[in-house]
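Notes to accompany the following structure.
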Amino acid sequence: SPLLPARLFDAIAAVAASRAADFNEQELSNLARAFATAGHEAPELLDAIARAAQQRSSEFTPQGLATVSWAFAKSAHPAWRGAVPPASAQGGRAQGGDAPSAGPPPLRAALCAELLVEGRAAALNPAELAITLWAFATAGHTGGEPYRCLGEALMPRLFPPRGLEGQAISNAAWALATARCENPRLFSALAQAAAANIDRLGALDLSNLAWAFAWSSQVPVAEHPAFYSRLGPASLVRLSDFDGGSLSNLAWALAVASPSPDVLDAVAAAALSERLAEVHGSTALNVGQLCQVHQFQLWLEERGDVAEEALPEALREQARDSFLGMAQLAPSSRMQRLVARELRAVGGVRSVEEEVVVAQGYTVDLLVQHADFGPLAVEVDGPHHFLSEGSRRPTGATQLKRRQLRSSGLRLVSLPYWELNELQAQPRRGRDDLRACSASTSSPCGPSPGHWHGATSGQWSRLLERAVRDDQRVESADDP
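Using our numbering, read the sequence shown as starting at 1076 and increasing by one per residue.
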């Protein structure tokens, strides 16, 4: 009977849950792995294993720590996940690591602390390192220490003999990107490993790799032609295996990478468009996926003549409507409103409009009409536009928006939060104040007249002029 295996698992779980304290660490990790592999729910057993593993975490071998981490992440158990929902590879607009957390649950905190003990992460093999990275990222674990430690252990063991292979490469890359880790050397090594293994990767692996490299903005096309030249052909071979989520992720990642035909030629772009229309017709893409499709369509337009590559009109319209709808749901930040107020007092500024929707469907933070520079699309870039705390590397999503706005002929200027911090007369408040302002409309920092007290109109004017010069340099660099 097909019910016998389930009954057997239930019987084992009932007995083992009452005797978890009697099991040694190897037996606990084996139990957790078995139930996670079978996909059999046993909440009371996992509760008991979690309590025992937390109390005796120092007794676990590095392999046991990796196994328990993976098993609890795979089971999506609250002892591992905590209050933060599991991260998702789907969607280019909001990714893992963005959600606030009250701190990791005790089991995850205990296992993390053990993995940070010197020498323990280094004792894991490449596949174990990859699944452990995946386990922490899936839980939305914030803080760079486990990723830094595991990443450093992984770096020298990415290549043969006994290097990272197949799905493990995509798991590691996805985890590091989801956690918003900034480590260009490690991402570069992962791209080299992916290029060497690309024929052994499935559709989901290809999609996750492409998304990870695009989102993290640490694998530029110019430096990794081997990966990008093979990504398109490998994806075409498996195109029928892509579902809506993996296909829209791939399309978005290609859009981020570059509008160059070197990334995807016209024939491949047309095939990808056709498959997107086919998938949407059979299963319907969700709103986040449709937003990615809209940016893919803008990418096709960046490439020039898209007569053969274009998406069907109905899909284009639905994707654009979804994109506009998502933009309207995003509230403006207080930091943005404060900047708008200050710019209105700058000499040469004739008007400042907030939250302006442009022809491509993007919403620009501020549209400034300037006597000398003409219309300026001003983006007030808070910390979430960059990879991590203190990072100045824009995410792939931020880079894509900037490039596509510029391709429409707009003069785009970015005012990053650290330059705005320099205008603060009260440096003790500056960074935390602006970070809070950029995070939500309910921030405690209100638009008080003294927020930038001491910053003169001339300082704001120089900041704007410097941003315009930066934009001109970007345009010159992009001009063939």
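Note that beta-carbon positions come from the ideal geometry of N, C-alpha and C, so glycine has one too.
Check, Outcome
"Look at the alpha carbon of A1472 and the alpha carbon of G1215, and state the distance between them as a whole number of angstroms.", "19 Å"
"Which stretch, first to last residue, makes up the beta strand (DSSP E) that contains V1453?", "1449-1456"
"For my contact list, A1125 and A1092 are in at a C-beta cut-off of 8 Å; report their separation, rounded to the angstrom.", "With a Cβ gap of about 11 Å, A1125 and A1092 do not count as contacting."
"Can you look up R1412 in the DSSP assignment and give me helix, strand or coil?", "helix"
"For A1332, which residues of its own chain have a beta-carbon under 7 Å away from its beta-carbon, when the five flanking residues on both sides are left out?", "A1289, V1296, Y1303, V1338"
"Considering only the alpha carbon of each residue, which of L1314, P1450, Q1370 lies closest to V1354?", "L1314"
"Quick check on Q1138: does DSSP put it in helix, strand or coil?", "helix"
"Work out the CA separation of R1481 and D1447 for me, nearest whole Å.", "19 Å"
"Mind reading off the beta-carbon distance from Q1129 to A1185? Whole number of angstroms is fine, and I expect it under 8 Å.", "5 Å"
"DSSP has S1426 in a bridge; who is on the other side?", "Q1444"
"Quick check on DSSP: helix, strand or coil for P1259?", "helix"
"Excluding the 5 residues preceding and the 5 following W1209 in the sequence, name in chain order all residues of the same chain whose CB lies nearer than 6 Å to its CB.", "N1246, A1250"
"On the DSSP letters alone, give me the boundaries of the alpha helix (DSSP H) that S1323 sits inside.", "1319-1332"
"What's the call for A1113, buried or exposed, on a 16-neighbour Cβ count within 10 Å?", "exposed"
"Have a look at E1430, L1329, E1227 and flag the residue whose alpha-carbon is nearest the alpha-carbon of Q1370.", "L1329"
"Hey, could you find the ends of the beta strand (DSSP E) V1488 is sitting in?", "1487-1491"
"In terms of residues, what are the limits of the alpha helix (DSSP H) holding R1126?", "1118-1130"
"Could you tell me the distance, in whole angstroms, from the CA atom of D1456 to the CA atom of T1438?", "13 Å"
"Quick check: what's the CA-CA separation for F1147 versus P1231?", "28 Å"
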